[in-house]
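Engineer: Structure in structure tokens, see below.
There are 2 protein chains.
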Amino acid sequence: MDSVAVENYLKSIWELGPDDVATQDLAQLLNVAPASATKMVQRLTERGLVKHIPYKGASLTSEGRRRALSVVRRHRLLETFLAQTLDLGREQLHDEAERLEHALSTELETAIANYLGNPERDPHGHPIPGPNGELLIDEDILLSDCSLNQSLVVTQVPDRDPNLLTWLEGNGIFPGTKLKIISRDDFGGGINVSLDDSSVQIAISVASEVYVILETD
Amino acid sequence: MDSVAVENYLKSIWELGPDDVATQDLAQLLNVAPASATKMVQRLTERGLVKHIPYKGASLTSEGRRRALSVVRRHRLLETFLAQTLDLGREQLHDEAERLEHALSTELETAIANYLGNPERDPHGHPIPGPNGELLIDEDILLSDCSLNQSLVVTQVPDRDPNLLTWLEGNGIFPGTKLKIISRDDFGGGINVSLDDSSVQIAISVASEVYVILETD
DNA sequence: TATAAAGTTTAGCCTTGGCTAAAAATATAA
DNA sequence: TTATATTTTTAGCCAAGGCTAAACTTTATA
Numbered sequence: 001m002d003s004v005a006v007e008n009y010l011k012s013i014w015e016l017g018p019d020d021v022a023t024q025d026l027a028q029l030l031n032v033a034p035a036s037a038t039k040m041v042q043r044l045t046e047r048g049l050v051k052h053i054p055y056k057g058a059s060l061t062s063e064g065r066r067r068a069l070s071v072v073r074r075h076r077l078l079e080t081f082l083a084q085t086l087d088l089g090r091e092q093l094h095d096e097a098e099r100l101e102h103a104l105s106t107e108l109e110t111a112i113a114n115y116l117g118n119p120e121r122d123p124h125g126h127p128i129p130g131p132n133g134e135l136l137i138d139e140d141i142l143l144s145d146c147s148l149n150q151s152l153v154v155t156q157v158p159d160r161d162p163n164l165l166t167w168l169e170g171n172g173i174f175p176g177t178k179l180k181i182i183s184r185d186d187f188g189g190g191i192n193v194s195l196d197d198s199s200v201q202i203a204i205s206v207a208s209e210v211y212v213i214l215e216t217d
Numbered sequence: 218m219d220s221v222a223v224e225n226y227l228k229s230i231w232e233l234g235p236d237d238v239a240t241q242d243l244a245q246l247l248n249v250a251p252a253s254a255t256k257m258v259q260r261l262t263e264r265g266l267v268k269h270i271p272y273k274g275a276s277l278t279s280e281g282r283r284r285a286l287s288v289v290r291r292h293r294l295l296e297t298f299l300a301q302t303l304d305l306g307r308e309q310l311h312d313e314a315e316r317l318e319h320a321l322s323t324e325l326e327t328a329i330a331n332y333l334g335n336p337e338r339d340p341h342g343h344p345i346p347g348p349n350g351e352l353l354i355d356e357d358i359l360l361s362d363c364s365l366n367q368s369l370v371v372t373q374v375p376d377r378d379p380n381l382l383t384w385l386e387g388n389g390i391f392p393g394t395k396l397k398i399i400s401r402d403d404f405g406g407g408i409n410v411s412l413d414d415s416s417v418q419i420a421i422s423v424a425s426e427v428y429v430i431l432e433t434d
């Protein structure tokens with residue numbers, strides 16, 4: 001079994017990947033000193049889970065990726081399970097799952113997945129990898145990449161930052177929300193979208209973390 | 218926050234206590250070498266969580282006890298929660314809770330307790346300590362201490378050993394079971410109890426882990 | 001293109017929580 | 001009561017995963 005630290009490194013490299021993950025970014029995401037990240041990356045390379053080109057960056061081997069996706073699967077199943085049974089605020093889900101994901105046995109993972117009917121997405125819309133790390137190719141596109149006036153449906157919102165999540169939710173933006181881009185204000189730094197009965201300005205940095213699909217009626 | 222190891226030591230000392238917990242017993246329960254247990258007991262003594270009289274034994278300080286009971290609370294809430302939502306075998310519950318208990322935030326602990334309606338016992342009948350470590354004085358008595366022919370109701374069964382639990386369950390013995398001791402065979406090593414429509418012989422070692430109350434109609 | 005800045009790695013240290021082997025204390029039996 | 005067995009502790013070791021300070025690469029700038 002991988003330690004909590006190893007699981008967190010693998011998951012973080014996956015999140016920052018797929019290629020040339022910078023030591024600094026990794027260290028920052030994990031809240032450790034850059035030197036600590038270098039050392040761990042080297043250890044993971046020894047173990048065959050990571051490929052590291054010094055001064056260039058790190059990436060996962062296929063075994064490393066499998067294990068990273070196993071952590072992601074547990075995380076997203078837990079978020080879904082907690083959201084369904086208890087009702088915690090969406091913002092709390094991430095942090096709780098973050099700790100519990102390392103303590104979930106394969107049996108409990110399976111029991112939860114079955115209980116939930118083997119869902120394909122978590123409450124934030126993120127796809128849940130299969131038991132062997134299969135990640136459905138998803139056809140979601142970035143809101144920031146869409147053209148004006150297309151009818152869109154939100155599929156994924158970022159869950160890293162609770163405040164952002166609260167803001168999005170407060171403005172009616174969550175998986176399932178229908179919207180259209182009505183204008184882009186590249187110099188003003190955002191895009192304007194219209195919802196059913198309101199409109200919001202969204203920073204590009206945020207829009208590039210929100211995924212949508214074209215509405216099909 | 219206490220580490221996983223510290224939480225496990227505190228919980229184990231509580232389970233083996235209240236007084237003069239032997240290094241060897243502690244080491245055995247935790248699956249570590251006796252020398253490791255000695256060292257940790259000393260560290261916990263430094264931290265004011267344990268009182269240690271060398272060559273005599275260890276016991277918890279009141280702060281140590283508070284923290285141990287917090288772990289026990291999380292464990293038992295988790296068992297109850299998992300039993301209620303998923304349906305895992307009673308034997309699986311213990312092992313899962315054993316790992317998850319260390320990853321439960323106070324907020325999630327509270328959310329689970331509320332969801333369950335702040336239960337007083339877990340599925341094995343063990344009392345659940347309150348949020349500040351209050352443990353209701355319970356009036357349960359040991360099956361092994363009861364007299365013949367009293368009408369008894371099982372309140373607690375041990376959850377340490379899955380096989381034992383399965384055996385007890387297979388013989389109809391779980392919280393709520395009504396039974397009577399019909400004979401004791403001290404030299405044969407067991408007691409004979411009669412249930413509604415069967416009778417079973419139970420080893421003294423087992424009967425001294427089963428709690429009952431006198432039936433009140 | 002030389003030099004400064006930024007990012008990365010190395011070296012060396014620390015704590016936690018394990019281990020074994022040996023020494024010391026306590027308990028048991030002759 | 002002395003000798004032996006058992007239990008506990010001490011001493012010294014190790015790996016994991018952190019840290020800081022210094023050295024080394026790479027990138028950006030003058």
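Order-wise, the sequence lines are chains A and B. Each residue of the first sequence is one higher than the last, beginning at 1 in this note's numbering. Each residue of the second sequence is one higher than the last, beginning at 218 in this note's numbering. From the three backbone atoms N, C-alpha and C, an ideal C-beta is built for every residue, glycine too.
(1) Between which two residues does the beta strand (DSSP E) containing Gln418/B stretch?
(2) Does DSSP put Ala239/B in a helix, a strand or coil?
(3) Could you pull out every unbroken alpha helix (DSSP H) segment of at least 4 residues lying fully inside the region 353–388 of chain B, listed in chain order?
(4) Have a look at Ile421/B, Thr240/B, Asp304/B and Gly389/B and flag the residue whose alpha-carbon is nearest the alpha-carbon of Pro251/B.
(5) I need the straight-line Cα distance from Leu286/B to Asn349/B, nearest angstrom please.
(6) So which residues of chain A does Glu313/B contact, with C-beta pairs closer than 7 Å?
(7) From Asp159/A to Glu96/A, what does the alpha carbon distance come to, in whole angstroms?
(8) Check Gly281/B in the structure and name its three-state DSSP category.
(9) Report the start-end ranges of each alpha helix (DSSP H) in the region 230–275 of chain B that is 4 residues or longer and not cut off at the edges.
(10) I need the boundaries of the alpha helix (DSSP H) containing Leu325/B, first residue and last residue.
(11) Throw me the rounded Cβ distance for the Pro340/B and Arg307/B pair, which I believe falls under 8 Å.
(12) Ordered along the chain, which non-local residues of its own chain (more than five positions away) have a Cβ less than 8 Å from that of Arg66/A?
(13) Which residues, in order along the region 248–275 of chain B, keep a beta-carbon less than 9 Å from a beta-carbon of chain A?
(14) Is it right to say Lys273/B is buried, meaning 16 or more other beta carbons lie within 10 angstroms of its own, or is it exposed?
(15) Cβ closer than 8 Å: which chain A residues qualify as neighbours of Leu294/B?
(16) Go ahead and pull the three-state DSSP assignment for Asp402/B.
(17) Kindly say whether Tyr9/A, judged by its beta-carbon, lies nearer than 8 Å to any beta-carbon of chain B.
(18) Does any C-beta atom of chain A lie closer than 8 Å to the C-beta of Ile345/B?
(19) Does Leu305/B come within less than 8 Å of chain A when only Cβ atoms are used?
(20) In the DSSP assignment, find the beta strand (DSSP E) that holds Val212/A and state where it starts and stops.
(21) Determine the chain B residues that contact Thr80/A at a beta-carbon separation under 9 Å, and present them in chain order.
(22) Please confirm whether His124/A has its beta-carbon closer than 8 Å to some beta-carbon of chain B.
(23) Have a look at Ser36/A and Ser12/A and give me their C-alpha separation to the nearest angstrom.
(24) Judging by CA-CA distance, which residue of Lys39/A, Arg43/A, Trp14/A and Gly64/A is the nearest neighbour of Leu49/A?
(25) Strictly under 8 Å for the Cβ-Cβ distance: is Leu165/A near chain B by that measure?
(26) At the level of alpha carbons, what is the spacing between Gly189/A and Asp140/A?
(27) Near Ser361/B, what residues of its chain come up, given a Cβ to Cβ distance below 6 Å and the 5 sequence neighbours on each side ignored?
(28) Taking Ala300/B as the reference, which of Gly393/B, Arg338/B, Ile398/B and Ser416/B has the closest Cα?
(29) With a cut-off of 8 Å on the beta carbons, I'd call Lys178/A and Asp196/A a contact; round off their distance for me.
(30) Spell out the partners DSSP gives Pro127/A in its beta bridges.
(31) Here's the rule: buried if 16 or more other CB atoms are within 10 angstroms of the residue's CB, otherwise exposed. What is Thr297/B?
(32) Quick check: what's the CA-CA separation for Asn171/A versus Leu369/B?
(33) Taking the continuous beta strand (DSSP E) assigned at Asn173/B, which residues delimit it?
(34) In chain order, what residues of the same chain have a beta carbon less than 6 Å from the beta carbon of Tyr202/B, not counting five sequence neighbours either side?
(35) Consult DSSP for Leu286/B and reduce its assignment to one of helix, strand or coil.
Structural biologist: Per the coordinate set shown:
(1) Ser416 to Ala420
(2) coil
(3) 379–387
(4) Thr240/B
(5) 8 Å
(6) Ser105 and Leu108
(7) 12 Å
(8) helix
(9) 240–247 and 251–263
(10) Thr323 to Tyr332
(11) 6 Å
(12) Asn132 and Gly133
(13) none
(14) exposed
(15) By Cβ distance, chain A contributes nothing, its closest Cβ being about 12 Å from Leu294/B, past 8 Å.
(16) strand
(17) no
(18) no
(19) yes
(20) Tyr211 to Leu214
(21) None at all; the shortest Cβ gap to chain B is about 13 Å.
(22) no
(23) 14 Å
(24) Gly64/A
(25) no
(26) 23 Å
(27) Ile421, Ala424 and Ser425
(28) Arg338/B
(29) 7 Å
(30) Arg121/A
(31) buried
(32) 60 Å
(33) In the structure displayed, chain B extends from 218 to 434; residue 173/B sits before or after that span and is not available.
(34) This structure cannot settle anything about residue 202/B, because the visible part of chain B is limited to 218 through 434.
(35) helix
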